[in-house]
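Accompanying notes for the structure given below.
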Amino acid sequence: MRLEYFQMVDRIAELDPAARTVRADCLVPEASPVFEGHFPGHPILPGVLMIEAMAQTGGWLVLAMLRFQRMPFLAQVKEAKLRAFVVPGQALQVEARLLHDGSGYAMAAGSIASGGKKVADAEITYRVVPFPNEILRAQMLETARRIAVPEALLDG
Amino acid sequence: MPSTFETVAGIISETCDIPLEKIKPESHAINDLSIDSLDFLDVAFAIDKAFGIKMPLEQWTQEVNEGTVSSDQYFVLKDLCANIDQLVTAKAA
Chain A
32 MRLEYFQMVD RIAELDPAAR TVRADCLVPE ASPVFEGHFP GHPILPGVLM
82 IEAMAQTGGW LVLAMLRFQR MPFLAQVKEA KLRAFVVPGQ ALQVEARLLH
132 DGSGYAMAAG SIASGGKKVA DAEITYRVVP FPNEILRAQM LETARRIAVP
182 EALLDG
Chain B
5 MPSTFETVAG IISETCDIPL EKIKPESHAI NDLSIDSLDF LDVAFAIDKA
55 FGIKMPLEQW TQEVNEGTVS SDQYFVLKDL CANIDQLVTA KAA
């Protein structure tokens, strides 16, 4: 995870369009300016970044299912539960399951586990719209390759 | 079995916290009931699920934005319900 750049997903471990599921590996960095403020003497991953990790993981699923023809933007978070502290150096497994691919929107159930224990879950809604420009689409494709989104799912 | 309107009104009432008695077939979802676009996503999700359809919201929104149709055609509830019935029939065919 590169928290300062909002790059929450290190690697897509599994992405199954037929099952509409995705699983990602995310390693919380040992050091980050984020931990200097959150909190002094007690560094923990901010809950909003746990939600962001679930949103991004589900977002990669939506992107892959649409072959990167449209971009999901976070629109709503429901029933977010932050069940345990997450500390620097902790390895996270983030999962998402697509609940519904609507017209212009999508909904996913996200969860985070660490060491076999669930540490967070939430229901995420995305607005799914045409890419606002080619710069963003190219950047998303580049990041997708870096985090190992299957090549066959990159382009339609 | 509830009518399409009864199902849709129930969804709107529950999702948007609007008293059921305020929701009429002539109500415009946006202009009369003040449902914003984000709340309408929740309504759309519940309608899609309840009727097993996928309402073409993107196409409807585009048509309204381009001025080719009035928003009444998609967002007045009796018309919305007629569109839902058409989608259900088309899916069953």
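Residue numbers (the working numbering), protein chains in the order written: chain A, 32 to 187; chain B, 5 to 97. C-beta atoms are modelled at their ideal positions from N, C-alpha and C, and glycine is treated no differently.
Exercise. Relative to the C-alpha of M85 of chain A, which residue among A:G146, A:A139, A:P181 is closest?
Worked result: Checking every option, the nearest Cα to that of M85 of chain A belongs to A:A139.
For this session: May I ask you to verify whether the stretch 172–183 of chain A touches the stretch 111–124 of chain A, counting CB pairs closer than 8 angstroms and requiring at least 3?
Result: The stretch 172–183 of chain A, when compared against the stretch 111–124 of chain A, does not touch it at the 8 angstroms Cβ threshold.
Exercise. Would you say P103 of chain A and V53 of chain A are within 8 angstroms of each other, going by their C-beta atoms?
Worked result: No.
Exercise. Distance, Cα to Cα, F211 of chain A vs C57 of chain A?
Worked result: Shown here, chain A extends from 32 to 187; a query on residue 211 of chain A therefore has no answer.
Problem set entry | Endpoints, beta strand (DSSP E) assigned at I143 of chain A | 136–145 is the extent of the beta strand (DSSP E) around I143 of chain A.
Exercise. What residues in the stretch 99–113 of chain A bring their beta carbon closer than 8 angstroms to a beta carbon of chain B?
Worked result: Sequence-ordered contacts of the stretch 99–113 of chain A with chain B read A106, Q107 [C-beta pairs closer than 8 angstroms].
For this session: Within the same chain, show all residues whose beta-carbon is closer than 6 angstroms to that of C20 of chain B, passing over the 5 residues directly before and after it, in chain order.
Result: Excluding residues within five positions, the ones whose Cβ falls inside 6 angstroms are I39, D43.
For this session: State yes or no: is the C-beta of I143 of chain A nearer than 7 angstroms to some heavy atom of the ligand MG?
Result: Ligands in the displayed structure: none, and consequently the ligand MG is not present.
Exercise. Listed from N- to C-terminal order along the chain, which residues in the stretch 36–49 of chain B have their beta-carbon within a distance smaller than 9 angstroms of any beta-carbon of chain A?
Worked result: Within the stretch 36–49 of chain B, the qualifying residues are S41, L42, L45, D46, A48, F49.
Exercise. Short check: CB of L105 of chain A to CB of L46 of chain A, under 8 angstroms?
Worked result: No, these two residues do not count as a Cβ contact at 8 angstroms.
Exercise. Can you list the residues of chain A that E62 of chain B reaches, using a CB-CB cut of under 8 angstroms?
Worked result: Those are S134, G135, listed as they occur along chain A.
Problem set entry | With 16 other Cβ atoms within 10 Å as the buried cut-off, status of P74 of chain A | The residue is buried, with at least 16 neighbouring Cβ atoms inside 10 Å.
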